[in-house]
Structure formats: structure tokens, C-alpha cells
Amino acid sequence: MGSITTSDKLTDFGHPMLKHFLLDPNYKNLNHGSYGTFPAVVRDEARKFQDELEAKPDLFFRYLQAKYVDVARKELAKVLNAPMNEIVFTKNATTGVNIVLRNLQYAPGDVIVYFDTVYAACEKTIAWLMESTPVQARKVPYSFPTTHEEIMKRFGEVVKQLRSEGLNVRVALFDTIVSNPGVRFPFEELVAECRKEGILSCVDGAHGVGHIPLDLGKLDADFFVSNCHKWLYVPRGCAVFHVPIRNQHLIRTTLPTSHGFVPKNLDVSLPIPKQKGKSDFEFQFEFVATNDDSPYNCIPAALKFREEVCGGEERIMSYCQQLAHEGGNTVAEILGTDVMSEPGVDPKVIGASKIRQCAFANVRLPLAVDDGSGRHVEKDSQYPVIKRRDAMAVAKWILEKFLCEYDAAAPIFPHGGWLWTRLSGQTYLELEDFRWAGNALKELVERVGKGDAYAELGITDVTDDLNAMRLDGTGNQPPPNLPRLQPHLHRSPHKRINTTKVLIQRQLIPEQNIGNLTLHPKPYLRTGELPIYPPNLKSRPNAAPTRFRRICAASVILGPIFRSIRSGYYIVL
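Numbering of the sequence shown is given in the numbering used here, commencing with residue 318 and proceeding in unit increments.
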């Protein structure tokens with residue numbers, strides 16, 4: 318990997334690039350995709366803007382900020398091949414998607430079509446719109462690994478079905494690159510199909526700019542938003558929001574509505590001057606409430622770094638994709654599994670898999686999940702099959718260990734009946750980092766297989782209502798011989814538990830009825846006892862401890878720390 322240095326500034330990719338970034342030298346960031354990072358020179362540029370703001374706040378907010386943003390818009394518009402007057406900024410891709418979906422007007426019979434692997438925050442936005450507007454929603458079902466052709470086919474089937482029901486597909490929401498699993502999505506084909514079918518296309522390009530080549534003029538989506546802070550080396554939060562002139566009238570307001578909004582029924586003065594020649598759309602996004610928008614202003618510095626130090630967009634993207642491909646294959650070989658790709662594709666050929674044409678590699682862990690499909694039997698996995706209800710808990714356990722014990726990061730998630738990890742290729746990483754990660758993950762998988770995760774983190778339900786917690790491993794109600802934990806259990810003379818942080822163990826088997834209890838957990842338990850105090854402890858001083866067997870201790874903070882442990886009832890771990 319890497320290439321010969323051709324100038325004093327140009328830096329070889331791999332570990333030599335680390336000198337430019339702010340990462341801890343011991344930290345292996347295999348999760349660049351989630352939060353991104355940026356070089357020190359871009360950080361310095363951000364601080365200059367912040368210092369200038371603090372020196373003369375009114376001058377900066379009222380006159381200078383808009384000029385700096387215009388410079389950034391102009392530079393990024395060139396990279397994306399889009400007119401400057403169609404490019405503005407917002408805080409992140411989720412905000413951009415919300416701006417689109419919440420601005421559109423919906424009538425009875427209108428439908429939002431979205432896809433099975435949509436980002437969760439966007440799906441919740443759709444859920445809210447279903448509660449607050451007449452709009453309906455329909456999800457395109459599938460599971461990876463699958464092909465782009467199959468996704469397109471299923472999208473067409475959903476649209477056809479909706480129209481046969483007399484419904485109107487108002488807008489379709491889809492990704493450039495899916496978050497989990499991290500796979501390239503057929504967004505170009507979907508935009509074209511939406512245009513053909515008269516459906517508005519809203520592209521969630523959270524993983525887009527700086528990650529894969531983008532030509533927004535050619536793509537011609539109705540709405541496109543992409544995070545700059547993930548792959549473009551820009552500070553958080555910053556996203557580019559592209560709306561063609563033909564659709565700008567549909568975006569009536571920013572979120573939140575701010576001074577740039579022009580009401581139709583009120584004559585409201587503008588506290589910030591509007592430059593001549595700017596559209597209402599451009600002006601709206603210049604100032605969206607008082608905020609630190611210095612990340613927007615840093616885009617020119619980030620682009621300069623990518624050109625002068627990294628050698629340009631093509632060199633960056635080529636290296637990151639090649640590293641993700643080779644690194645993913647290396648990790649899969651260590652684990653004895655495979656990298657997510659279409660069936661029948663040669664994993665050794667870079668570019669052969671359409672869903673792998675990005676800087677992510679999704680490597681299957683040898684931990685099967687019983688997802689209810691019946692696809693797994695014991696012989697499919699060398700380790701016990703994980704119950705569906707426990708999959709996220711085990712995934713979080715692996716991530717926590719990877720972060721806290723190995724000083725590294727990579728998402729772990731269930732999908733299609735297995736646990737997977739998503740690994741990011743980046744200019745400051747090299748193949749040896751992936752080899753190291755493969756060995757670390759192998760150790761963690763073996764620890765899961767030996768039962769460590771269940772011994773430390775066998776927790777499946779989080780709820781504010783202690784009575785609704787799954788105590789028997791099968792449903793939401795306690796077994797008949799286990800008394801309900803009544804609301805007044807909080808009336809303890811000791812510090813009250815914050816029940817929004819309480820997680821209860823999967824299976825609790827009592828030896829005797831203990832009545833209403835107040836829990837006082839310790840944090841980060843491995844072995845020991847959880848003290849439990851009954852409200853009427855003074856009236857029962859000789860009450861024998863009640864023991865709960867088959868306990869899986871929590872390795873998360875369940876409540877406040879209680880330094881004074883009195884005699885009482887205990888859960889023995």
C-alpha cells in the first residue's frame with residue numbers, strides 16, 4: 318500500500334500519516350466512518366475562526382461568517398460539480414434528512430418509501446411524521462449480502478404494490494453507503510428510477526463526500542445531504558446540503574426555523590443583511606440560530622490538506638478502498654469467516670463486488686445469531702448460537718472490550734443471522750493494523766464462546782419501568798413466584814436510583830419471596846454482591862438473605878454508587 322513521495326508536502330499513506338492527525342499514538346481507529354477525524358492544520362484553522370469570533374462577536378456573526386461560508390461553498394461546489402447556489406451547509410446528514418422530510422407537505426394517501434438498512438434516526442423521523450401528518454411509510458425488505466439488482470427489483474415491487482393500493486409514493490429515502498452494514502448502495506440507479514417514476518429522491522449521503530467519487534450535477538437527485546466531518550477531514554458537525562433550484566421552493570424553512578425564514582403572511586424584518594443576488598434558499602442557511610459554525614469555514618483548509626499532503630481525492634479514495642478490501646480479507650482469514658459481498662463474487666478481486674466498492678469492510682464474526690429465520694443450527698457455528706434478544710448485548714460487550722482493553726474501535730452489530738464488525742480503511746492505517754485487529758477480535762470471540770460475555774453482560778432489556786423488565790428470559794412479566802417490584806421501591810432513605818439507567822438481568826430465580834426491594838447497585842461489577850434493602854428492614858432485622866441464582870452481572874453502570882453497605886438482602890453473583 319502507499320506510493321512514492323513526490324514532493325516535500327506529500328506524505329506516504331499508512332503510519333507516516335499519523336503525524337498529521339490528533340489521534341492517540343496507542344489508539345487504533347478502525348472506526349473512522351462513525352465520527353471521522355481531522356488533521357492538526359485543520360484544527361488550527363478552526364481555532365483561528367473561533368478566536369476571530371470571540372474578538373468581535375457582532376462583526377463576525379453579522380458580516381464575516383456569511384463571507385467565509387461563501388468561500389467554503391464555492392470550493393466544495395467545484396469538488397462536487399454542482400452550482401454554488403444549490404449548495405449550503407447544515408450540521409449533519411440526519412439534520413438534512415429531517416429538513417427535507419419535515420418540509421414536504423403530505424396529503425392522505427402519500428407514502429414515504431425507505432429501505433431495510435436505513436439509518437435508525439431517519440427511520441424514527443419517518444415514524445414521527447406518521448404520528449404528526451397523514452403520510453404513510455413502506456419499507457423495502459431485504460438482508461445483506463444481496464445484490465444491487467435485487468434491491469432495485471424489490472424497490473420496483475414495493476412501488477408497484479403501493480400504486481395498486483391507490484397510494485402515492487411521495488418520496489424515497491436511501492443511502493449512498495449504508496451505515497451498518499457498511500456497503501455501497503445503488504443510489505445512482507435509485508435516483509434515476511425515482512426520476513422515471515415521478516418520485517422525489519432524498520439521498521442520505523452520510524458516508525459520501527470524501528469517501529467515494531460524487532458528481533452531483535450528473536446524479537441530479539432531488540435532495541442530497543452528506544457529512545463533511547466523516548471522510549473529508551472537516552471538524553464536526555458539518556454537512557453539505559444540495560438542493561437543485563427546481564426544488565428549493567419546497568424547502569421553506571431550516572431546522573430550527575431562524576432569521577432567514579421569509580413568511581408568506583407576515584412582514585418581518587431581517588436582523589442580518591441579505592446580500593444581493595442570493596436566493597431565499599441560500600440566505601436561510603447562512604445563519605441558523607447562534608452557533609459555532611467554524612467547521613463550515615474549515616472546508617477550504619481540509620481540501621488543501623487533501624490535495625497537498627494526501628495527493629488528491631482519487632489517491633485518497635483508491636488507498637482507502639484498497640486497504641479496506643485487503644484488510645477485510647485479512648481479518649476474515651484470521652477469524653475463519655468471510656467478508657460481506659454478493660454471492661459468487663471472488664473476494665480477492667478488488668471492485669468485483671459492487672457492495673464493497675467503498676472504504677468499508679464488513680467481516681463476519683463466527684458467532685451465529687438465532688434471528689428467528691431458522692437458518693442456523695449448531696453445526697453452523699463453532700460456538701453456541703446467540704439468542705436474538707441477546708445479540709446487541711453481546712455485540713456491545715465485544716465493542717466495550719475492544720475499546721477499553723485493546724484501545725481500538727470498530728462497530729459490532731448483528732445482521733442476517735450473524736455478528737459482524739465494520740472496519741474502515743483510512744490514510745493513516747495500514748495492513749498491519751487490520752492483522753492486529755483480526756487477532757484481537759479472535760481473542761474476544763473466543764471469550765464470548767467460553768461464556769465471558771454472559772457472565773459479565775448477560776443483560777437484554779433496558780426500561781424505565783422495573784415491572785416491565787424481562788425477568789424470566791421469555792416475556793415481559795415476572796414469573797408467578799417472583800413479586801412485582803412496586804413503584805414505591807424508590808422510597809428509600811438512601812439515594813434514589815435513576816431508573817433510566819437500570820438494566821435488569823435476564824434470568825432471576827428466587828429461593829424465597831422477598832417482597833418490595835430497593836436496589837443499590839455497584840458499577841462495573843465482575844464478582845461480588847448487589848445490596849438490596851427492603852423498605853421495612855427495621856421491622857425485619859433477622860430476615861435471612863435471599864439469594865438469586867444464575868445471575869449475569871452487568872458491566873455497565875446501573876445506578877449511583879453507594880459507599881456504605883449495610884446488612885440486608887443481597888443478590889449473590
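Heads up, the beta-carbon is just placed ideally off N, CA and C, and yes, glycines get one too.
Computed from a prediction, not measured in an experiment: that's the story for all the values here.
Does the beta-carbon of His566 have 16 or more other beta-carbons within 10 angstroms, so that it is buried, or is it exposed?
exposed
What does Asp361 pair with, by DSSP beta-bridge criteria?
The partner list for Asp361 (beta bridge, DSSP) is empty, contrary to what the question assumes.
Report the residue from Leu479, Lys384 and Thr434 whose alpha carbon sits nearest the alpha carbon of Arg455.
Leu479
As a quick exercise: from Ser543, Gly742, Gly628 and Trp737, pick the residue whose alpha carbon is nearest that of Thr407.
Ser543
In the DSSP assignment, find the unbroken beta strand (DSSP E) run with Leu736 in it and report its ends.
Trp735 to Ser741
Looking only at DSSP bridge pairs, what is Asn544 linked to?
Ala556
Taking 9 Å as the threshold (C-beta atoms), are Leu339 and Arg360 in contact?
yes
According to DSSP, residues forming a beta bridge with Tyr431:
Lys456
On a CA-only basis, which of Tyr459, Glu467 and Ile416 is nearest Ile443? Give me that one, please.
Ile416
Use the C-beta contact count for Tyr385: other C-beta atoms within 10 angstroms, 16 or more gives buried, fewer gives exposed.
buried
Would Val686 pass as a contact of Lys704 if the rule is Cβ separation under 9 Å?
yes
Alpha carbon to alpha carbon, how far is Val666 from Gln367? Give it in angstroms, no decimals.
47 Å
Quick check on Asn415: does DSSP put it in helix, strand or coil?
helix
Smallest Cα separation from Gly653: which of Glu760, Tyr745 and Cys675?
Glu760
His337 in three-state terms, based on DSSP
helix
His642 (DSSP reduced to helix, strand or coil)
helix
Could you tell me whether the segment 482 to 501 touches the segment 516 to 531, where touching means 3 or more Cβ pairs closer than 8 Å?
yes
Beta-carbon spacing of Phe677, Ala726 below 9 Å:
no
Helix, strand or coil at His528 according to DSSP, with G and I counted as helix:
coil
Does Ala410 pass the burial test, meaning 16 or more other C-beta atoms within 10 Å, or should it be called exposed?
buried
What does a CB cutoff of less than 6 Å around Ser611 pick up in its chain, not counting 5 residues either side in sequence?
Ala363, Phe366 and Gln367
Close-in-space but distant-in-sequence residues of the same chain around His337 (CB under 6 Å, 5 per side omitted)
Pro356
Hey, is the segment 428 to 437 in contact with the segment 456 to 463, meaning 3+ C-beta pairs nearer than 8 Å?
yes
Terminal residues of the continuous alpha helix (DSSP H) containing Pro498?
Neither: Pro498 is in no alpha helix (DSSP H) and is coded neither H nor E.
Please give me, in chain order, every unbroken run of the beta strand (DSSP E) with length at least 3 that falls completely inside the segment 347 to 413.
404 to 407
Residues of its chain near Leu507, where Cβ-Cβ distance is below 6 Å and the 5 sequence neighbours each way are ignored:
Phe491
Is the segment 533 to 547 touching the segment 387 to 402, taking contact as three or more C-beta pairs under 8 Å?
yes
Spatial neighbours of Val626 within its chain, please: CB distance less than 7 Å, with the 5 preceding and 5 following residues excluded, ordered by chain position.
Lys326, Leu327, Thr328 and His337
Candidates Thr607, Ile651 and Leu347: which alpha carbon is nearest His576's?
Thr607
Can you check the segment 618 to 692 for any beta strand (DSSP E) of at least 3 residues that lies completely inside it and give the ranges in chain order?
677 to 687
Sequence-distant residues of the same chain with beta carbon closer than 7 Å to Leu549, five excluded per side:
Val526, Gly527 and Ala619
Measuring alpha carbon to alpha carbon, tell me which of Leu716, His559 and Gln592 ends up nearest Ile404.
His559
In angstroms with no decimal places, state the Cα-to-Cα distance between Phe600 and Leu572.
14 Å
Roughly how many angstroms separate the alpha carbons of Gly554 and Tyr352, rounded to a whole number?
9 Å
Please report how far the alpha carbon of Lys591 lies from the alpha carbon of Val605, in whole angstroms.
14 Å
Return the chain-ordered ranges of every beta strand (DSSP E) run that is complete within the segment 698 to 736 and spans a minimum of 3 residues.
729 to 732
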